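Working notes, structure below.
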Amino acid sequence: MTHKHSHSHWVSSAVYIMDVWLVCSALTLLLPVKAALGSGDDGWSMHVQSEVRAIEGYPVVLPCTFSHPQHSQHSSLQVLWHLGHGQSATILYRCTSLSGTATCDPGPKQDQRFRLEGNPREHDLSLRINSATLQDSGRYYCRVEVLGREHISFEEKLGTKLRVETPPKILSLSVEGTEQSGYRAVCQVQGSPVPDVQWLGPDDLLEGSLIGPLAQGSQSHYHTVSQLRDVEPGQQYTCSASNPLGREQATLYVLPPRPLLSVGGASPPLLLLLSLSLGAKVLLLVGMGMWMVQGGALQGVSCWWK
Numbered sequence: 001m002t003h004k005h006s007h008s009h010w011v012s013s014a015v016y017i018m019d020v021w022l023v024c025s026a027l028t029l030l031l032p033v034k035a036a037l038g039s040g041d042d043g044w045s046m047h048v049q050s051e052v053r054a055i056e057g058y059p060v061v062l063p064c065t066f067s068h069p070q071h072s073q074h075s076s077l078q079v080l081w082h083l084g085h086g087q088s089a090t091i092l093y094r095c096t097s098l099s100g101t102a103t104c105d106p107g108p109k110q111d112q113r114f115r116l117e118g119n120p121r122e123h124d125l126s127l128r129i130n131s132a133t134l135q136d137s138g139r140y141y142c143r144v145e146v147l148g149r150e151h152i153s154f155e156e157k158l159g160t161k162l163r164v165e166t167p168p169k170i171l172s173l174s175v176e177g178t179e180q181s182g183y184r185a186v187c188q189v190q191g192s193p194v195p196d197v198q199w200l201g202p203d204d205l206l207e208g209s210l211i212g213p214l215a216q217g218s219q220s221h222y223h224t225v226s227q228l229r230d231v232e233p234g235q236q237y238t239c240s241a242s243n244p245l246g247r248e249q250a251t252l253y254v255l256p257p258r259p260l261l262s263v264g265g266a267s268p269p270l271l272l273l274l275s276l277s278l279g280a281k282v283l284l285l286v287g288m289g290m291w292m293v294q295g296g297a298l299q300g301v302s303c304w305w306k
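Residue 138 in full-length UniProt numbering sits at position 138 of the sequence shown, with consecutive numbering throughout.
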C-alpha cells in the first residue's frame with residue numbers, strides 16, 4: 001500500500017509539473033504576439049527638435065521627420081502644423097499630397113510666410129517660417145495623416161518650442177511731471193530676452209525702477225518700462241538697454257526753461273537731443289516732442305521713433 005501511494009503521489013506531481021510547464025510554454029508563445037501587436041499600434045516614429053531659436057526678421061525651419069510601416073509612396077497624405085494645443089490651437093499650415101503626386105498642395109488661403117521645407121514623400125515634414133516675428137514664439141506641433149480606407153494619423157505630443165529673439169530697441173524716451181511735483185524720465189524698451197535697463201548720469205550709474213510692461217497681452221512679454229525719478233533741468237541722462245543679442249542707448253539732454261518773454265507772453269520751445277549709441281544714428285528732434293514752457297514750468301515731452 002505504501003508503494004502504491006508513493007507511486008500515485010509521484011504521478012500527480014509529474015502531472016502538476018507538466019501542467020505548469022504547458023502554461024509557462026503557452027505564456028512564452030503569447031508574449032511575442034502581444035509585443036508584435038503593441039509595435040503594430042505604436043509603429044509610428046517621429047523626430048522633432050525640442051527647441052528652436054530664431055532671430056526676428058530672419059527665416060527659421062522647424063524640423064520634423066516621420067516613418068510608419070504602413071506608409072507607402074502610393075498613400076495620400078495630409079500634413080498639418082499648429083501652434084498651441086487643445087481648443088486654443090491655431091492651424092498655421094495644412095497641405096495634401098494625393099496618391100501619385102510628388103507635391104503637397106496647401107489651400108488657397110494659406111499664409112505665404114509658412115511653407116513646407118521638406119518633402120512628405122521622403123518622410124520630411126519640416127516647416128519653414130519666413131521673417132519670424134516675436135509673435136511667432138510658442139510651441140508648434142507636427143501632424144501627419146495617411147488617408148485611405150483606414151485613416152491613420154500621428155502627432156508628436158511634446159512639440160517644438162520656437163523662441164524668437166531680437167536685440168534691444170528703445171521705443172520711446174520721455175519726461176513727465178511739473179516743476180512742483182518733480183520730473184521723471186521714462187524709457188520704454190522692447191527685446192527678447194527682455195532687456196536689462198540701466199540709467200547713467202554724466203559720471204555715475206543712477207538707480208531707476210521698473211514700472212511694468214508696456215501693454216497687456218502677448219506683446220507685454222517682450223517690453224519693459226523703466227523710470228528715473230528726480231530728473232533735473234540742465235542735466236543729461238542715458239537709458240541703456242541690453243540683452244545677449246546687443247545693446248542700445250539713448251541720451252536725454254534736458255535744457256533748463258528760459259524765462260518768459262515780456263512781449264507776446266509766449267515762451268520758446270526747448271529742444272531735445274537723442275543719440276543712439278549704435279555708432280550711426282543721431283536724432284535731433286525739433287518740433288516733434290518739444291517741451292513747452294508755461295509759467296516757468298516744464299510741461300513734459302514725449303519722443304517716439306522706430
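Backbone N, C-alpha and C define an ideal beta-carbon position, used for all residues, glycine too. These figures come from a predicted structure and were not determined experimentally.
Check: Can you name the start and end residues of the beta strand (DSSP E) that E165 belongs to?
Finding: T160 to T178
Item checked: A241 and V194 closer than 7 Å at C-beta -> Against a cut-off of 7 Å, the Cβ pair of V194 and A241 comes out as no contact.
Check: Which residues bound the beta strand (DSSP E) around S226?
Finding: H223 to V231
Item checked: Alpha-carbon to alpha-carbon, V164 and D136 -> 7 Å
Notebook entry, point to check: Taking 7 Å as the CB-CB limit, is V144 close to chain D?
Noted result: Of the chains in the structure shown, none is chain D; there is only one protein chain.
Check: Which value, in whole angstroms, describes the spacing of the CA atoms of D230 and H221?
Finding: 28 Å
Note to self: Excluding the 5 residues flanking P167 on each side, which residues of the same chain have their C-beta closer than 6 Å to its C-beta?
What the structure shows: Around P167: L245 and G246.
Checklist line | Extent of the continuous beta strand (DSSP E) to which T65 belongs | finding: C64 to S67
Check: According to DSSP, is R113 helix, strand or coil?
Finding: Three-state result, R113: coil.
Next item on the list: Quick one: grab the DSSP three-state call for G86.
Entry: helix
Check: With distances taken from CA atoms, which of L171, L206, S153 and Q249 is nearest T224?
Finding: L171
Next item on the list: Indicate whether V144 and V79 have their beta-carbon atoms separated by less than 7 Å.
Entry: yes
Notebook entry, point to check: Around the C-beta of A102, are 16 or more other C-beta atoms found within 10 angstroms, so that it is buried, or is it exposed?
Noted result: exposed
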